[in-house]
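As C-alpha cells, the structure follows; a few thoughts come after it.
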Amino acid sequence: MSASGSEITEVAGFEVALDRAYDPAGHLWVSMIGPDRARIGLDALGVETSGTIAQLAFLPTGEHLKRGEAFGSLEAAKFVGPLASPLTGTVTATNDAVVADPALVERDPYGAGWLVELTVADAGELRDLVSGADVISVWFAAEVEDYRMKGVLAE
Amino acid sequence: MPELRVVDFGRVSALRSQTLWHALAYGVSRGGPPTLSFMRPSRPYVGLGYHRRLEEADIEACREAGLPVFRRMVGGGVVYLDEHQQFFQIILPVGSVPRSRGRALRQLLSPAVTAFRAVGVAAEMDDDVEIVVGEAKICGHGAAQIDDAVVVVGNLIERFDHAAAARVLALPDEVRAEVARLMERFVAATPADSAAFRSAAVAAYGEALGLEPAAGGPAAYERERLRELDDRFRSEAWLRGPRRPDPHCAQVKVRAGVFVVCAEHERSRAVASVVGGRIERARVSDPELNGAAAAVEERLAGVALAEVDDVLERFGAPGRRLAAALAKARLVG
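As you go down the protein sequences, you meet chains A and B in turn.
Under the working numbering, the first residue of the first sequence carries the number 8, and numbering increases by one thereafter.
Under the working numbering, the first residue of the second sequence carries the number 670, and numbering increases by one thereafter.
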C-alpha cells in the first residue's frame, strides 16, 4: 500500500500500482481521478532509468497539449529530457511538492510523487494505454526483462 | 559502415557556440546523420543550465564584465565559458541511446576519455560519471534529449579562469570565496593540443559507435533552425527559463560530490563545504551560541552528512536551528 492508499504489488523486483493505466513509451502512469480528469506520474522503471532526479519543471496550468508533447522536463545527472504527455488535454494542476523536492518522486512514485493533472480532451486515447491488473503485470515483467537484456538495468 | 558526420566550426561567436549544436540536434532528430561537432567561443560568456534560475548568475557582474548570458538546453549549473575551452558535442538519434540516463552518459563520454588519454592526459571516468584526473574534474559535461535526438556536450579545458568562474555566481562574498577555493582544487585545466584532441575524439567516437567519420556541415534545415535558435536564445523569455520555485538556500555544485551550501533558519546561518558526503569546512553563526561558534565549526569538520543532526543536537537550540538550516540543502544534480 502506498502513502496514497493505492494497491501496490511487486513485479520482477519493482513496485507497480495495478489500479491505473500505463503509457509504455514514457513509463508514465495515468490515473483517472474524475470523469475527464487524469493524474500522471512516473512508474518505477521510469524512476529507475532517470537516476537521481535533480530538477523538475512543468508547463503552467491552462496550457493545452497534444499527446506526445512535453508537459514538463526532468533533469538527472545533468541530463535534461522531456516528459511527454500520454494524453491530449489541458494542464489543470502541477505538483509543487515534487518541484521543490524531486526526491519525492523516487520515494512515492505512485502517490505523493505524482507530476501533473490534465483535463482529458480525447477519452479514446485511454484505450492505447496498458490497463487491467493481469495485463499490467505481464507487460511490466516483459519490460523489466527487456531492460535487463539490453543492459539498461543491472542483472 | 554508416556515417558519423564531423563538423568542426572552429572559432564562433558566443551565441553561435550554443545555437549551432542545438541546430544540429534538431537536424539529427529529423533524420540527419549521427554527428560529432566541435567549436570554441571567440569570447567569454556565461551559460545557464536549462533548469537554473537566472538569479543564480550575478547579472550585474556579467554586465560590468561585458559577458553575455545564454540559457542552454542541457543540464548543469551556471558556468563560465571562454576561448580557452574547446567544446565538443556528440549527437545521436534517441533510439540508439540507452534509456538509462546514467548508462547513456557513461557510454557517450567514454570515447572522450579515450581522446584525453590519446593526447597524454591521464583521464578516468569516476563513479559519478565525471571525467577526472585524480580528484579534479577536467571536462564539464551536460546532456539533453532535444526532440528525438540526444546530445552530450563536453570540453577540453586548456586554461581555466577560476576567479572569473566564481565571480559570475550570485553569492555572498564569503560563499563565493569558498566556491573559488574548491574550484581551484576540483576543476583543472589539461592544456593538451586541441587539434590532436579533436582528431583523437573523431577516431574514438567512430570506433565506439561503429560509424565511419566523414567531414560535413550543417544541412539547409539546420541552417533554418539556427536562425530561429539565435532569436530564441537572445529573447528575454528564453533567458528567464521555466518556472522555478524560490530556493530554500544558496548552494553551488563544484563537481559531483563537491558542494558549497549557504543556508539560514530563524537566527542561524551556516556556510558549509561538502566533499564526498562529509562537511569539510563550516562557518556558523547564531546569537545564542555565545562564543561557541568556533567549537561548532571544529566539531562539524569531517562529519558525515548523516551524522550532522546528532553532532549539532549537542549544542542545544542554536544547534538545532543550524541543523534545520543545513537540512534545506539538496545535494544532488
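Note that CB positions come from ideal geometry on N, CA and C, so glycine has one too.
Beta-carbon proximity list for residue i, same chain, < 8 Å, skipping 5 on both sides
i	result
residue 914/B	none
residue 712/B	682, 683, 751 and 752
residue 887/B	676, 689, 692, 693, 696 and 895
residue 971/B	947, 948 and 949
residue 770/B	812
residue 73/A	92 and 95
Below-8 Å beta-carbon distance, residue i vs any chain A residue
i	result
residue 890/B	no
residue 920/B	no
residue 708/B	no
residue 852/B	no
residue 742/B	yes
residue 814/B	yes
residue 946/B	no
residue 879/B	no
residue 924/B	no
residue 1030/B	The question about residue 1030/B has no answer here: the residues shown for chain B are numbered 670 through 1002.
residue 913/B	yes
Contact check, residue i vs residue j, beta carbons under 8 Å
i	j	result
residue 910/B	residue 811/B	no
residue 1066/B	residue 944/B	No answer is possible for residue 1066/B: the residues shown for chain B start at 670 and end at 1002.
residue 763/B	residue 676/B	no
residue 725/B	residue 846/B	no
residue 788/B	residue 869/B	yes
residue 718/B	residue 685/B	no
residue 995/B	residue 932/B	yes
residue 110/A	residue 60/A	yes
residue 792/B	residue 866/B	no
residue 986/B	residue 934/B	no
residue 112/A	residue 65/A	no
residue 858/B	residue 827/B	yes
residue 99/A	residue 27/A	no
residue 47/A	residue 116/A	no
residue 136/A	residue 30/A	yes
residue 937/B	residue 974/B	no
residue 674/B	residue 883/B	yes
residue 814/B	residue 41/A	no
residue 709/B	residue 756/B	yes
residue 880/B	residue 767/B	no
residue 808/B	residue 781/B	yes
residue 777/B	residue 800/B	no
residue 842/B	residue 749/B	no
residue 84/A	residue 58/A	yes
Supposed contact pair residue j and residue i - C-beta distance, whole angstroms, cut 8 Å
i	j	result
residue 806/B	residue 844/B	That belief does not hold up - the Cβ atoms of residue 806/B and residue 844/B are roughly 20 Å apart, past 8 Å.
residue 68/A	residue 96/A	Contact flag wrong, Cβ pair sits at about 12 Å.
residue 821/B	residue 759/B	5 Å
residue 147/A	residue 23/A	5 Å
residue 721/B	residue 747/B	6 Å
residue 961/B	residue 984/B	7 Å
residue 75/A	residue 90/A	The pair is not a contact, with the Cβ atoms about 11 Å apart (cut-off 8 Å).
residue 63/A	residue 81/A	6 Å
residue 52/A	residue 86/A	Actually they do not touch by this definition, with Cβ atoms about 17 Å apart.
Short CB-CB distance (under 8 Å) between residue i and chain B
i	result
residue 164/A	Because chain A spans 8 through 162 in this model, residue 164/A falls outside it and cannot be assessed.
residue 76/A	no
residue 82/A	yes
residue 103/A	yes
residue 73/A	no
residue 107/A	yes
residue 159/A	yes
residue 93/A	no
residue 21/A	no
residue 31/A	no
residue 88/A	yes
7 Å Cβ shell around residue i - same chain, five flanking residues per side excluded
i	result
residue 159/A	56
residue 890/B	696 and 699
residue 989/B	981 and 982
residue 731/B	715, 738 and 837
Close-in-space but distant-in-sequence residues of the same chain around residue i (CB under 6 Å, 5 per side omitted)
i	result
residue 923/B	851, 852 and 855
residue 129/A	95
residue 754/B	824 and 826
residue 997/B	917, 918 and 932
The ligand SAM heavy atom lying under 7 Å from the CB of residue i
i	result
residue 819/B	Among the components modelled here there is no ligand, and therefore nothing to report on the ligand SAM.
8 Å Cβ cutoff, residue i in contact with chain C
i	result
residue 130/A	You won't find chain C in this structure, because its protein chains are A and B.
(request) Please name the residues in the segment 775-800 of chain B whose beta-carbon is closer than 7 Å to at least one beta-carbon of chain A, in chain order. (result) 798
(message) Residues of the segment 697-728 of chain B in Cβ contact with chain A at a cutoff of 8 Å, in chain order, please.
(response) Flagged, chain order: 718, 719 and 720.
(message) Which residues of the segment 881-911 of chain B have a Cβ closer than 9 Å to any Cβ of chain A? Give them in chain order.
(response) 910 and 911
(request) Give the residues from the segment 746-773 of chain B that approach chain A closer than 8 Å (Cβ to any Cβ), ordered along the chain. (result) Taking 8 Å as the Cβ-Cβ cut-off, the segment 746-773 of chain B approaches chain A at 767, 768, 769, 770, 771, 772 and 773, given in chain order.
(message) Which residues of the segment 38-69 of chain A have a Cβ closer than 7 Å to any Cβ of chain B? Give them in chain order.
(response) 56, 57, 58, 59, 61, 62, 64 and 67
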